[in-house]
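In our numbering, the protein residues as written are 5 to 341.
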Amino acid sequence: MQLHAPRSVYKIETTEYVAGHQVDNRFRVFERVFWSFKQCQEAFKFCKPILQVDETFLYGKYHHTLLIATTQDGNNCVLPIAFAIVEGETLSAWECFLSMIRLHVTNKSGICLISDRHQSIKGAVANSHIGWQPPNAYHVYCIRHIASNFNHRFKNIALKKELIKLGYTPSKVIFHQKLSRFHNESEDIQRWIDCILKEKWALCYDEDGRRYGHMTTNLSEAVNKVFKGAKNLPITALVKATYGCLVEYFMKYGEEVISDLQNGSMFYNKVMLQIQKNQQEASSHQVHRYDIQRKSFEVEEAFNPITQRGGHKLTVILVGDFASVEDFNPIDFLVLM
5 MQLHAPRSVY KIETTEYVAG HQVDNRFRVF ERVFWSFKQC QEAFKFCKPI LQVDETFLYG
65 KYHHTLLIAT TQDGNNCVLP IAFAIVEGET LSAWECFLSM IRLHVTNKSG ICLISDRHQS
125 IKGAVANSHI GWQPPNAYHV YCIRHIASNF NHRFKNIALK KELIKLGYTP SKVIFHQKLS
185 RFHNESEDIQ RWIDCILKEK WALCYDEDGR RYGHMTTNLS EAVNKVFKGA KNLPITALVK
245 ATYGCLVEYF MKYGEEVISD LQNGSMFYNK VMLQIQKNQQ EASSHQVHRY DIQRKSFEVE
305 EAFNPITQRG GHKLTVILVG DFASVEDFNP IDFLVLM
């Protein structure tokens, strides 16, 4: 690993080999291994400050658990930055994995850590000695895992789907309107939902935008699927498989970036497409008058005779980093940057 990817990190933990009630010093028993490639560590410096962590079980000869930490760049490309094979989803294993990331992968502060609500992860994050407490990091939950926990408890698929939609709701006013439905269902449901801090699972309470819109651990789960065929391999072969996939990844996207730079692109292709989309949509809106003191604007949306949509007038009031809109339907929500 050091030969083909210099300055990469790997840490192996073993235990004593006992045979016939005696320790045999000729051998060691594998317990855990952590690894992270230098290229991924460098790339993370230029990615969104988010990490999604997830686990998946190995099968075949080794009955261990694979832990993966994944991020995403500005072009929405998925990038795994650290791996570990551990004995299981235990508190000790998660503490080891998260501490290794802090020690050897990144010391970036303000990272948004997204995971499920497994007690071992929550316990590891709560350990102030390994660097995942504010302001170093902010731990939030995957809304799909919360919804699955809800359905497991209350056996209500319809409300499970509504809970996921509730998590994605961007407006606090609409959020609390929808939340009242759950409160009205039963006292047990109300207590269950209210015991989870809204800042942990609701998009409208992500007031600092730390999630970057990420409400699930889909990134890590996508990486898990990529390595599905390698999860029955021996440990060393699995590590080589991650190396091979990442070499291919950096070759592919590296060529695309070089091509974009040579063509004079200032931003990622994803960003350029979004800017063009916003400009196109903004051209259909006209600001007729505004109040500078109140920072309020009256905006008229042009009517589209083809789609039969538009033609609404909106009053937009800017408050800090947010905008409130009066006399509007949810589909007409408009934010002025």
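Note that beta-carbon positions come from the ideal geometry of N, C-alpha and C, so glycine has one too.
Same chain, Cβ closer than 6 Å to residue i, five either side skipped, listed in chain order
i: Glu20; result: Val27
i: Ser12; result: Met5, Phe41 and Lys42
i: Lys274; result: Asn79 and Asn80
i: Arg36; result: Glu17 and Val90
i: His143; result: Leu117 and Val129
From the options, residue whose alpha carbon lies closest to that of residue i
i: Met86; options: His68, Asp212, Lys15 and Arg293; result: The residue asked about is misnamed: residue 86 is Ala in this sequence, not Met. Measuring from the Cα of Ala86, the nearest candidate turns out to be Lys15.
i: Tyr257; options: Asp77, Ala23, Val57 and Leu7; result: Asp77
i: Gln290; options: Gln284, Lys281, Asn236 and Glu304; result: Glu304
i: His8; options: Arg313, Leu250 and Thr319; result: Leu250
i: Asn131; options: Arg121, Lys159, Ser113 and Leu95; result: Leu95
i: Lys317; options: His292, Lys112 and His108; result: His292
i: Lys169; options: Val227, Leu183, Ile239 and His156; result: Leu183
i: Lys235; options: Arg30, Phe50, His25 and Ile72; result: Ile72
i: His68; options: Val82, Gly92 and Arg195; result: Gly92
i: His122; options: Asn267, Asn153 and Lys299; result: Asn153
Sequence-distant residues of the same chain with beta carbon closer than 7 Å to residue i, five excluded per side
i: Lys202; result: Tyr209
i: Met341; result: Legend: pLDDT at Met341 = 36, less than 50; position of this residue unreliable, value from coordinates given subsequently. So the list is empty, once near-sequence residues are dropped.
i: Pro334; result: Because the pLDDT of Pro334 is 36, which lies under 50, any placement of that residue in the model is unreliable, and the question is left without a value.
i: Tyr216; result: Lys52 and Ile54
i: Lys176; result: Cys208
i: Phe254; result: Gln43
Where residue i falls, given that 16 or more other Cβ within 10 Å makes a residue buried
i: Val33; result: exposed
i: Met104; result: buried
i: Cys199; result: exposed
i: Thr246; result: buried
i: Gln297; result: exposed
i: Asp295; result: exposed
i: Met270; result: exposed
i: Ala23; result: exposed
i: Glu211; result: exposed
i: Asp58; result: buried
i: Tyr145; result: buried
i: Gln56; result: buried
i: Ser119; result: buried
i: Arg214; result: buried
i: Glu99; result: buried
i: Thr221; result: buried
i: Thr311; result: exposed
i: Pro84; result: buried
i: Thr110; result: buried
i: Leu102; result: buried
Cut-off 8 Å between Cβ atoms - residues of its own chain near residue i, not counting five sequence neighbours on either side
i: Gly171; result: Ile147, Ile150, Ala151, Trp205, Ala206, Leu207 and Met219
i: Gly64; result: Lys235, Asn236 and Leu237
Sheet register partners of residue i (DSSP bridge)
i: Asn308; result: Arg313
i: Asp342; result: Any question about residue 342 goes unanswered here, given that the chain covers just 5 to 341.
beta-carbon residue i near the ligand ADP non-hydrogen atom, thresh 7 Å
i: Ala306; result: In the structure shown, the ligand ADP is absent, as is every other ligand, since no ligand is present at all.
Legend entry - Unbroken stretches of the beta strand (DSSP E), 3 residues or longer, contained in the segment 105-134: 115-119
Inset, instruction - Give, in chain order, every unbroken run of the alpha helix (DSSP H) that is at least 4 residues long and sits entirely within the segment 224-258. - result: none
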